[in-house]
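One structure is given here, and the rest of the page talks about it.
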Amino acid sequence: MTDRFDAYVKRIYAYAARRTYTREEADELAQEILFTAVKAEESLKDDSKFEAWLFGIADNVTKGFRRHAARRKAMYSYDAMESLSYEDAYFDGEEFEILREKIARMSRIYRDIIVYHYYDGLSTKQISKLLSLPEGTVKWRLGEARRKLKKELMQMNETALRPMKVNIGIYGNGNYDGKLVPFPSDYISDALSQNILYYCYDKPRTVEEISDFCGVPAYYIEDRIETLLQREAVITESKGKYRTDFMIFSDRHASFIESNAERMLMPMMDRLISALKSISAEAQRIDFYKAGKSEQDLFHLYGIMAFSYARSKYSLLPYPPFEKSYDGYEWRYLGNMETGAHKSFRIGTHHSANLGSGGCVSHSSFSGIPNTAFRPMMKDCLINVCADILLKGEAQNKHHAAEAIADGYIVKTPEGELMVSTPFFKKEQREVFDAIAEKHLSPLMGEYNQAIEALASEYKALFPKHLNKDADRMCHHLFSGMYSVVIDYAQRNSMIELPSKDCFVDVLIEYRKE
4 MTDRFDAYVK RIYAYAARRT YTREEADELA QEILFTAVKA EESLKDDSKF EAWLFGIADN
64 VTKGFRRHAA RRKAMYSYDA MESLSYEDAY FDGEEFEILR EKIARMSRIY RDIIVYHYYD
124 GLSTKQISKL LSLPEGTVKW RLGEARRKLK KELMQMNETA LRPMKVNIGI YGNGNYDGKL
184 VPFPSDYISD ALSQNILYYC YDKPRTVEEI SDFCGVPAYY IEDRIETLLQ REAVITESKG
244 KYRTDFMIFS DRHASFIESN AERMLMPMMD RLISALKSIS AEAQRIDFYK AGKSEQDLFH
304 LYGIMAFSYA RSKYSLLPYP PFEKSYDGYE WRYLGNMETG AHKSFRIGTH HSANLGSGGC
364 VSHSSFSGIP NTAFRPMMKD CLINVCADIL LKGEAQNKHH AAEAIADGYI VKTPEGELMV
424 STPFFKKEQR EVFDAIAEKH LSPLMGEYNQ AIEALASEYK ALFPKHLNKD ADRMCHHLFS
484 GMYSVVIDYA QRNSMIELPS KDCFVDVLIE YRKE
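So the number in the working numbering is just where the residue sits in the sequence shown, counting from 1, plus 3.
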């Protein structure tokens, strides 16, 4: 090794030590970096760039080293064993080690498949390609590995192989469709990230604490923390301590709403339901495109449209503006760990519009309304083709029409004509509807606001203080979200008809004239 390499030995070792879990691994990685660099020295054309060249090699070698290390060392899983229930909790450090040692002592043909499947999250099909084995063989070995571990699992009070499941999405604004353009949450929804985000939610944690909790080497945690920082999912709250920077709903939030929301609305519940019936009766007389939907299905659409209108005009709760995220859009992550033990009374709304392609129509799809199904929002090209049919009488783009038919937004009639399956309000028709909502809901808004503010003051206390702006936004959403409480009560007491099976609550609205 030349003198210039000698001058960097200590720095390379320090570099390796920061990226490995043990002294032995640091030695191994440092030696591999230097060995690779010495072999490649002739490729260096500009001696003045030696340092950048050397650490570039270090980065590349480290990536390969970690992949190899993961296959050799990973003894903990983040994908749930099928036999383990959601309620299983983590067990203590000694039991962690027992299970990891049991996996480590397994024959490699079983151990590798356990690691690939439960740590790396690979399917049996992916593992079969990776190991050049028939998929049937992989499935058999995975089953045998589970059987071999079953005794140890049953002897433990709980299990280390049961992950915390956090469903992560976003709310706000952005140009994502989940197909061509992934949602930001897609990049942080792997099992290890979910567990880090769960553990760092209630208080800030160090890498070492996270490593102990998850049962994986620190260098895996460091890599994932770096990604979570870049994706703005965690913050550095103090030196070396990280905290989840978005809200995660759990059963305590659902339990609070289930226990309190209906009680607070009861003094005015009958009047709210009566107002919704009056809105529905008058809205039904508007000559808008009803997409062949029944009056009871449209009732649920009218209601959420009316509550959304009232929220925009009458809500007294603050709604802090979003700051721009790393990708230039305005949005925040939102996590959910609810088990379904309590009713969830939150209305989800997905909005999209064809503004980018010069259009004038938006699509809104609502979820969380009792006994209704959720329909994904339309891409702008699908809004375009629906708008063409509704406003111009025919589809201008046959390819997009075919896609809309495949997704169910357009159906073919027995006569072979194309029919949009979502109701559509022209701009002037929407204005008439808003006037109807105003007439029937405005007399109730003072009392309704008092109930929502009382509910929100207690609800907000359930969220971490560093997420104050997110908590304000969630409390603001209670205004229209309580529509689901009203509907649940009305359905349970047979005060309204149930919607048809698999009823979607979505609408197309012309927001400006071309």
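Quick reminder that beta carbons are idealized off the backbone N, C-alpha and C, glycines included.
Alpha carbon of residue i to alpha carbon of residue j, nearest angstrom
i	j	result
L481	S487	10 angstroms
L145	S188	30 angstroms
L275	D509	22 angstroms
Y317	S311	10 angstroms
Y119	S503	44 angstroms
S135	Y113	15 angstroms
Q494	R476	28 angstroms
T247	E397	49 angstroms
L511	P379	13 angstroms
M84	E211	Here the model assigns M84 a pLDDT of 28, short of 50, so the residue's position is not dependable and the matter cannot be decided.
D290	L393	14 angstroms
Y322	N471	11 angstroms
R14	F38	15 angstroms
Y336	A356	21 angstroms
T425	I413	8 angstroms
E420	T239	58 angstroms
L319	I60	58 angstroms
Y201	F216	11 angstroms
L501	T375	9 angstroms
DSSP three-state assignment for residue i, whether helix, strand or coil
i	result
C252	Position check: residue 252 holds Phe in this sequence, whereas Cys was assumed. In the structure shown, F252 sits in a strand (DSSP, three-state: E or B).
E441	helix
G396	coil
I386	helix
F427	strand
L465	helix
N339	strand
T230	helix
L47	coil
L164	With a pLDDT of 40 at L164, under the threshold of 50, the modelled position of this residue cannot be trusted; read the value that follows with caution. If DSSP states are grouped into helix, strand and coil, L164 belongs with coil.
V510	strand
S297	coil
H479	helix
F53	helix
L421	strand
H353	strand
F216	helix
H412	For clarity, residue 412 is Tyr in the given sequence; the question names His instead. In this structure, Y412 counts as coil in the three-state DSSP scheme.
S277	helix
G172	strand
I238	strand
F369	strand
V364	strand
Y201	helix
T65	helix
T247	strand
When the options are compared against residue i, the one with the closest alpha-carbon
i	options	result
A264	R349, R149, H443 and A40	R349
Q233	L319, M267, S328 and E434	S328
K293	L320, F507, S51 and G361	F507
D330	Y119, V184 and G59	V184
Y245	P207, I307 and K42	P207
R314	E456, S460 and K472	E456
F436	N357, L458 and A284	A284
T140	I116, L125 and R150	I116
T352	D226, G172 and P417	G172
I224	S192, A61 and S196	S196
D383	N374, Q399, M267 and G361	G361
Q453	H479, E406 and R433	H479
Cβ pair residue i, residue j closer than 9 angstroms
i	j	result
F428	E513	yes
K401	R515	no
E333	D254	no
E31	F68	yes
A40	A29	no
F377	G175	no
G295	M422	yes
S347	I260	yes
N198	G338	no
L447	M271	yes
The ligand ADP heavy atom lying under 8 angstroms from the CB of residue i
i	result
A405	Judged by which ligands are present, the structure shown has none, so any question about the ligand ADP falls away.
When you compare the stretch 443-459 with the stretch 233-243, are there three or more beta-carbon pairs, one atom per stretch, that lie closer than 8 angstroms? no
Does the stretch 366-385 come within contact of the stretch 301-309, defined as at least 3 CB pairs closer than 8 angstroms? yes
Mind the definition here: the stretch 256-271 touches the stretch 383-391 only if three or more C-beta pairs lie below 8 angstroms; say whether that holds. no
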